[in-house]
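Beneath this line is the structure, given in structure tokens, with notes to follow.
2 protein chains.
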Amino acid sequence: MALAIKVNEETFTPRQQAVLTAALDLLVENGDGLTMTAVARRASCSKETLYKWFGDRDGLLTATVQWQAAKVRMPFVDRSHINLKALRGSLEQFARDLLTTIIGEVSITLNRTAITHAAQEKDDLGNIVLENGPMAIRRRLKPILEAARDARLLRFTSSEEAYRTFFGLVVRDVQIRLLLGDKSLTQSNVEANIEADVKAAADQFLALYGAKANT
Amino acid sequence: MALAIKVNEETFTPRQQAVLTAALDLLVENGDGLTMTAVARRASCSKETLYKWFGDRDGLLTATVQWQAAKVRMPFVDRSHINLKALRGSLEQFARDLLTTIIGEVSITLNRTAITHAAQEKDDLGNIVLENGPMAIRRRLKPILEAARDARLLRFTSSEEAYRTFFGLVVRDVQIRLLLGDKSLTQSNVEANIEADVKAAADQFLALYGAKANT
DNA sequence: TTCGAACCGTACCGTACGGTACGCCAGCGA
DNA sequence: TCGCTGGCGTACCGTACGGTACGGTTCGAA
């Protein structure tokens, strides 16, 4: 069930969104050391209001993650007329967006927060992030893969397997290393190589699943 | 620099190892909700002793992670006479060990703990886990890849890129989903498919980097 | 103008937990 | 037997933080 994962912009008033922005900023700055007092001060509101709007600390955290995660917008990919060139373009677009998102400070913070909370089996921040991250990409990519298969551009038995291979080829060890705070892997470091990595991932995916063995 | 990452069995007395075991157990059970009182009670020792041995809470945590992470033993792979069959066997062995480790409860806990602490830029648990996880595998796998290249079994320009592709093909989205607590991905669920995944990863890697385009 | 709702700021409470102090016992060398 | 050291158990302290209460202010509606 997709519980309260749906969040459109009317869910929160502008004032509330300002509060959530403050909370997110603090989260990015201080890691999970988010205190209600700090949020109240940053957002110039009273703690009482925070509790009235979000229930408790977890509620505030959940709202922040939901609200921010829902902002991640997948690119729209034209699915109507598919040829090899368009397919490659789509794959590269997905790879680029996935990488760009993953290496962003906000994404890292959100994933870290969700993982921290997943450790305590408390709420399901993990599900929210999953739903708006990997799962959202899967939902968008799978139909394209299947359309490409129908057009005899790709060859695979399970679109699930194909999607997961694509994910692996794109993300590789970047995400886990960033989450673990690998100092030898700065954002700018990765950013500079995005285009090359994107191209390599698309090449490799097509090499593995393309109907013709060449480009 | 590999700071205090080296940990051999003489580093801790048996009694201390018992304490670390207790700490790890609590970590696995309660997520990061590890309290000094709980460890002392579980290990039947006094808090004062904990502080004497490990300095403070972070010291205990670091010691626990170090001690446990160092236990992850890579398999020894025969590198002497390389042929395609042996190479495939090695790749599958690495993939199997990597997957088996990653889906283990201990690994998940350690990674979550390290990620949580990486958020607070406190100590470098992240580095310890990285050093004993991905980096350890890299150190072991790279020479094999390079030997295989020298034997004209593989073709690549950068062994680093080749390693990272292998990592991605093996891990795919399994680790991040487990870290985020994806409920649709139980350990047993993954375990059942390990052999198939291992084989698929090796096939794909050889398809991408093998000198001959076939198996 | 008055009323009330919403909300800010701040003071306050309770508790959990990191860290310390201390009393006590067991083992061991002299 | 004496005394010392290492370590157990417990009581204790200080603080940080989640959560609540309350007085004061703004603002819109009647």
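Listed in order, the protein sequences are those of chains A and B. If you're matching positions, the first sequence starts at 1 in the UniProt record's numbering and goes up one per residue. If you're matching positions, the second sequence starts at 1 in the UniProt record's numbering and goes up one per residue. From the three backbone atoms N, C-alpha and C, an ideal C-beta is built for every residue, glycine too.
Residue i to residue j span [Cα, whole Å]
i	j	result
residue 28 (chain B)	residue 106 (chain B)	7 Å
residue 38 (chain A)	residue 26 (chain A)	8 Å
residue 11 (chain A)	residue 76 (chain A)	24 Å
residue 55 (chain B)	residue 45 (chain B)	15 Å
residue 42 (chain A)	residue 48 (chain A)	14 Å
residue 1 (chain A)	residue 59 (chain A)	Because the pLDDT of residue 1 (chain A) is 36, which lies under 50, any placement of that residue in the model is unreliable, and the number read from its coordinates should be weighed accordingly. The straight-line gap from Cα to Cα measures roughly 19 Å.
residue 212 (chain A)	residue 153 (chain B)	23 Å
residue 210 (chain A)	residue 196 (chain B)	21 Å
residue 82 (chain B)	residue 151 (chain B)	7 Å
residue 133 (chain A)	residue 120 (chain B)	23 Å
residue 84 (chain A)	residue 171 (chain B)	28 Å
residue 40 (chain A)	residue 21 (chain A)	12 Å
residue 50 (chain B)	residue 193 (chain B)	42 Å
residue 131 (chain B)	residue 61 (chain A)	31 Å
residue 114 (chain A)	residue 90 (chain B)	35 Å
residue 164 (chain B)	residue 187 (chain B)	24 Å
residue 80 (chain B)	residue 63 (chain B)	37 Å
residue 30 (chain B)	residue 30 (chain A)	23 Å
Identified DSSP bridge partners for residue i
i	result
residue 154 (chain A)	A:210
8 Å Cβ shell around residue i - same chain, five flanking residues per side excluded
i	result
residue 185 (chain A)	174, 177 and 178
residue 159 (chain B)	142, 145, 146 and 149
residue 116 (chain B)	32
residue 156 (chain B)	145, 149, 162 and 209
residue 86 (chain A)	78
Spatial neighbours of residue i in its chain, beta-carbon cut-off 7 Å, leaving aside the 5 residues before and after
i	result
residue 111 (chain B)	129 and 179
residue 16 (chain B)	53
residue 4 (chain B)	Because residue 4 (chain B) carries a pLDDT of 46, less than 50, the predicted location of this residue cannot be relied on, and no value is offered for it.
residue 101 (chain A)	72 and 107
residue 36 (chain A)	47, 50 and 57
residue 13 (chain B)	none
Closest Cα partner of residue i within the set the options
i	options	result
residue 198 (chain A)	A:83, A:154, A:155 and A:96	A:96
residue 135 (chain B)	B:70, B:196 and B:187	B:70
residue 94 (chain B)	B:21, B:64 and B:139	B:139
residue 191 (chain B)	B:81, B:99, B:121 and B:209	B:99
residue 57 (chain B)	B:80, B:90, B:125 and B:14	B:125
residue 109 (chain B)	B:181, B:35, B:74 and B:171	B:181
residue 92 (chain A)	A:19, A:121, A:35 and A:167	A:167
residue 189 (chain B)	B:103, B:162 and B:73	B:103
residue 67 (chain A)	A:36, A:19, A:50 and A:123	A:19
residue 65 (chain B)	B:118, B:24, B:194 and B:137	B:24
residue 183 (chain A)	B:187, B:123 and B:183	B:123
residue 267 (chain A)	A:30, A:137 and A:86	A query on residue 267 (chain A) cannot be resolved here, the shown segment of chain A reaching from 1 to 215 and no further.
Own chain residues within Cβ distance below 6 Å of residue i, not counting five before or after
i	result
residue 88 (chain B)	202
residue 169 (chain A)	201, 204 and 205
residue 34 (chain A)	26 and 27
residue 118 (chain A)	126
residue 78 (chain A)	none
Inset, instruction - With a floor of 4 residues, list each alpha helix (DSSP H) that falls wholly inside the stretch 138-194 of chain B, ordered by position along the chain. - result: 159-171 and 174-179
Legend entry - Contained alpha helix (DSSP H) runs [length at least 4] in the stretch 81-112 of chain A, N- to C-terminal order: 84-103
Inset, instruction - Could you tell me which uninterrupted alpha helix (DSSP H) segments, each at least 4 residues in length, are contained entirely in the UniProt domain "HTH tetR-type" (13-72) of chain A, listed from first to last along the chain? - result: 14-30, 36-43, 47-54 and 57-69
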